[in-house]
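Counting from 8, one number per residue, gives the positions in the sequence shown under our numbering.
Single-structure report; data block below.
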Amino acid sequence: MKKKLLSLLLILGLITGAAGCGNSNNTRSTGTNAGENQTSEEGSLENVRLGVFTGGPDQYLAVVGKEQGIFEKHGINLEITEFAAGINTVDAIVTGQSDVGMIADFAGINRIGNTQENFNIRIIGRYTTAKNYSLYVNPDEVTKLEDLSGKGLATMPGTILDYYNALTYEKANIKEEDRKLVNVDSGQTVLSVFESGDAVAFWTAGTTAKKLEESGMKEFLTMEDLGVSVDAYYVSSDSYIKEHADTLEKFLSAIKETEEWILANQETAAEIIEGKTGVPQEQVLQNLEANELLLDFKQDSIDHLNEIKEWALGAGLFEKDYEIKDFVDTTVLENVFPDDVDY
Numbered sequence: 008m009k010k011k012l013l014s015l016l017l018i019l020g021l022i023t024g025a026a027g028c029g030n031s032n033n034t035r036s037t038g039t040n041a042g043e044n045q046t047s048e049e050g051s052l053e054n055v056r057l058g059v060f061t062g063g064p065d066q067y068l069a070v071v072g073k074e075q076g077i078f079e080k081h082g083i084n085l086e087i088t089e090f091a092a093g094i095n096t097v098d099a100i101v102t103g104q105s106d107v108g109m110i111a112d113f114a115g116i117n118r119i120g121n122t123q124e125n126f127n128i129r130i131i132g133r134y135t136t137a138k139n140y141s142l143y144v145n146p147d148e149v150t151k152l153e154d155l156s157g158k159g160l161a162t163m164p165g166t167i168l169d170y171y172n173a174l175t176y177e178k179a180n181i182k183e184e185d186r187k188l189v190n191v192d193s194g195q196t197v198l199s200v201f202e203s204g205d206a207v208a209f210w211t212a213g214t215t216a217k218k219l220e221e222s223g224m225k226e227f228l229t230m231e232d233l234g235v236s237v238d239a240y241y242v243s244s245d246s247y248i249k250e251h252a253d254t255l256e257k258f259l260s261a262i263k264e265t266e267e268w269i270l271a272n273q274e275t276a277a278e279i280i281e282g283k284t285g286v287p288q289e290q291v292l293q294n295l296e297a298n299e300l301l302l303d304f305k306q307d308s309i310d311h312l313n314e315i316k317e318w319a320l321g322a323g324l325f326e327k328d329y330e331i332k333d334f335v336d337t338t339v340l341e342n343v344f345p346d347d348v349d350y
C-alpha cells in the first residue's frame, strides 16, 4: 500500500512539473516596464505597450496583428490600451504608461505649438491617410453652401473640426460676423442640436454619420471638395526611440505586415475586429475603404502638417512658429523600410 502511495505521489509530482514547464511557453501581458523581455523556452518576446484610439485604424491594426500572431512572429508581445482620443495616447507616453501611441495631424500640430519647448515626443511614421469625413446638413435648411450664413454649424472645439469648419466658411465666402458655431461634445449631442434646430450642419464620419442619415440629414460636402485629408502618425518618446530602436524596428515591421494582410483579407479582418471590439463588420469595411493604410513618411506629410500649422498659427491657436522636422524622427522607419521615407 505504501509503495502504491509513493508511486502515486511520484506520478503527481511529474505531472505538476510538466504542467509548470508548459506554462513557461505562454507569453502574456504582465505590465512589465518598457524594454523588458518575457522569456520562454522558444526564445524571448519584447513588450511594447501600445496606446490606441478606440475604433481607429490603429486599433484595427493592433487587434488583427495580435490575433494573427504577426507581432509575436516579429518578436513583440503587444500590450494594447484603448483611449478615447489619440491625444490621450500621447499623454500616456509622457507619463510612462505607454511606449508607442498615435496622433492625428491637427491634434499633433496644436499640442506641439502649445508645448514645443518641452515636447519630447517624436513622430516615427505615418500609418494612415483618409478622406472619410463629410459635411452632413439638414436638407430643408441648406441647399447651397452659402445657406450656412447665420445658421448653426456644430463643432467639437479643439479638434480637427475647427480646421474643417474654417475651410468650409472660406469656401462659402461667409464673413466672420455671419459664422455661428454651436459647441457639442458627442454624437448624441449633435442629434439633439439638429432636432432643436440650433444647428443645421456637422462634419462627421462613421457611426454618427449613419445616425444623422437615419434622422433625415444628407451628405453635402466631402473632404475631397475641400482638398484636405486627415493623416495619423505613430509617435514615441525621444528616450524610447534611442534606447529601444531594435524593438521599434520589430514593431514597425509587424505593422507593415499587418497592413498588407488586412488589405488582402478585408472580410476576415472585419470579422476579427468585430469579435475583438464590437464594431459591426459592415462599419469596419466602410472604415477600411475610407482609410488608406500605409507606413511611410514623405514630403507630402511635411507639406500637409505645414499647411495645418500655418492655419493654426494664423488662427491664434499658439503664438510661436516652429519647424515640423524638429519633431520627427524616422530613423527607425528608414532602417527597415528605406524606400518609404523621403523628405
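Using N, Cα and C, we set each Cβ at its ideal position, and we do this for glycine too.
Given the structure is predicted, the values throughout are model-derived calculations rather than measurements.
- Taking a cut-off of 8 Å for Cβ pairs, the stretch 105 to 122 and the stretch 235 to 253 touch, as three or more such pairs fall below it.
- In this structure TYR140 is in contact with THR211, their Cβ atoms being roughly 7 Å apart against a cut-off of 8 Å.
- Of the candidates ASP147, LYS332, PHE60 and ALA206, the residue whose Cα lies closest to the Cα of VAL189 is ALA206.
- Contact check between the stretch 121 to 135 and the stretch 286 to 302: three or more CB pairs, one atom from each, fall below 8 Å, which counts as touching.
- Around the beta carbon of SER243, a 10 Å sphere encloses 16 or more other beta carbons of the protein chains shown; the residue is thus reported as buried.
- Short of 6 Å from the beta carbon of ALA277, and not among the five residues preceding or following it, lie these beta carbons of its own chain, in chain order: GLN288, VAL291 and LEU292.
- Three or more beta-carbon pairs drawn from the stretch 49 to 60 and the stretch 73 to 93 are found closer than 8 Å, and the two stretches are therefore classed as touching.
- Contact between the stretch 55 to 65 and the stretch 84 to 93 is established, with three or more Cβ pairs separated by less than 8 Å.
- Annotation for SER246: the continuous alpha helix (DSSP H) segment containing it runs 245 to 250.
- In the three-state reduction of the DSSP assignment, ALA212 falls in the coil class, being assigned neither a helical nor a strand state.
- The C-alpha of ASP147 lies about 20 Å from the C-alpha of ILE181.
- Among the bridge pairs identified by DSSP, TYR240 is matched with ILE110 and ARG133.
- Ranked by how close their Cα comes to the Cα of PRO64, the residues PHE344, ASP349, LYS332 and GLU281 have GLU281 in first place.
- Cβ neighbours of MET230 within its own chain (closer than 7 Å, five residues either side excluded): LYS138, TYR140 and SER236.
- The C-beta separation of GLU220 from ALA179 comes to about 22 Å, leaving the pair out of contact by the 8 Å criterion.
- By the Cβ-count criterion, LEU270 is exposed, with fewer than 16 other Cβ atoms from all chains shown falling within 10 Å of its own Cβ.
- Less than 7 Å divides the Cβ of GLU256 from the Cβ of VAL339.
- Distance check between ILE279 and each of VAL70, GLY62 and THR61 places VAL70 closest, using alpha-carbon atoms only.
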